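>
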Amino acid sequence: MGRKSEVEKLRSLAQLDVDAVGAYDAAIARVKEPLVRERLNEFRVDHVRHVQDLNAFIRQFGGEPVELRPDLKGAAMKGLTAMTSLMGTEAALVAMLGNEEFTNRAYELALSFEWSPQVRSLIEKNRRDEERHVTWIKESVRHRPWMSEGAEVQA
């Protein structure tokens, strides 16, 4: 894969993570349960790290790093998450599940491209984070840990 194409694909992944940060901000602002807020914040931090790590490779390859500012798709994702989150914790998690499933598919597709070993390793690591996010959200929607005192779902 040529450097320009590689940078474009990395920028696309980084922008998707930026958009996820905005969606997490919207959900976190509306979820009241500490257990869920804490976990959503952890996942948000993962997405910020993904952007930073991807930007390091983008810079290394001579590209312009992605800013932590959502694009049009990200603004729509954040708005939809914010509106859905007004219906409660479960609705917020369902909205985040859709966002995370989209991000998972993007990372899965990214792994079908030829990458240097270092870039492939980063994409695989980020993909594992995304799988962990989806797993926790699915389990939380299924079991509603915020409904039982002191219960916690492990990621």
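Each residue of the sequence shown is one higher than the one before, starting from 1487 at the first, in the numbering used here.
Don't be surprised by glycine CBs; every beta carbon is placed ideally from N, CA and C.
Quick caveat, the model's predicted, so the values are computed rather than measured.
Around the Cβ of Ile1623, are there at least 16 other Cβ atoms within 10 angstroms (buried) or fewer (exposed)?
The sequence position of residue 1623 within the sequence shown is 137, counting from 1. With 16 or more other Cβ atoms within 10 Å, it is buried.
> Under the assumption that Leu1502 contacts Ala1592 (Cβ atoms under 8 Å), give the Cβ distance between them as a whole number of angstroms.
For the purposes of this step, residue 1502 is taken as the residue at position 16 of the sequence shown. For the purposes of this step, residue 1592 is taken as the residue at position 106 of the sequence shown. Confirmed, Cβ separation roughly 5 Å.
> Roughly how many angstroms separate the alpha carbons of Leu1583 and Arg1630, rounded to a whole number?
The sequence position of residue 1583 within the sequence shown is 97, counting from 1. The sequence position of residue 1630 within the sequence shown is 144, counting from 1. Spanning the two alpha carbons is a distance of roughly 14 Å.
> DSSP state of Pro1551, grouped into three classes?
Position 65 of the sequence shown, counted from the first residue, corresponds to residue 1551. The answer is coil: DSSP assigns Pro1551 none of H, G, I, E or B.
> Rounded to a whole number of angstroms, what is the C-alpha to C-alpha distance between Asp1539 and Ala1506?
Taking the sequence shown and counting its residues from 1, the one referred to as residue 1539 is at position 53. Taking the sequence shown and counting its residues from 1, the one referred to as residue 1506 is at position 20. A direct Cα-Cα distance of roughly 15 Å separates Asp1539 from Ala1506.
> Tell me which residues share the same chain as Pro1551 and place their Cβ nearer than 6 Å to its Cβ, disregarding the 5 neighbours each side in the sequence.
As a first step, residue 1551 is located in the sequence shown; it is residue number 65 there, counting from the start. Excluding residues within five positions, the ones whose Cβ falls inside 6 Å are Asn1541, Ile1544, Arg1545.
> What is the rounded straight-line gap between the Cα of Val1522 and the Cα of Val1504?
Counting from one through the sequence shown, the residue named residue 1522 turns up at place 36. Counting from one through the sequence shown, the residue named residue 1504 turns up at place 18. C-alpha separation (whole angstroms): 21 Å.
> Going by DSSP, what residue range makes up the alpha helix (DSSP H) through Arg1520?
Reading the sequence shown from its first residue, position 34 is the one you call residue 1520. It should be noted that the sequence gives Pro, not Arg, for residue 1520. Per DSSP, Pro1520 belongs to the alpha helix (DSSP H) from 1520-1546.
> Where does Gly1574 sit, in a helix, a strand or coil, going by DSSP?
By 1-based counting over the sequence shown, the position of residue 1574 is 88. It is coil, neither helix nor strand.
> What is the rounded straight-line gap between the Cα of Glu1576 and the Cα of Val1627?
Counting from one through the sequence shown, the residue named residue 1576 turns up at place 90. Counting from one through the sequence shown, the residue named residue 1627 turns up at place 141. Each residue's alpha carbon lies about 6 Å from the other.
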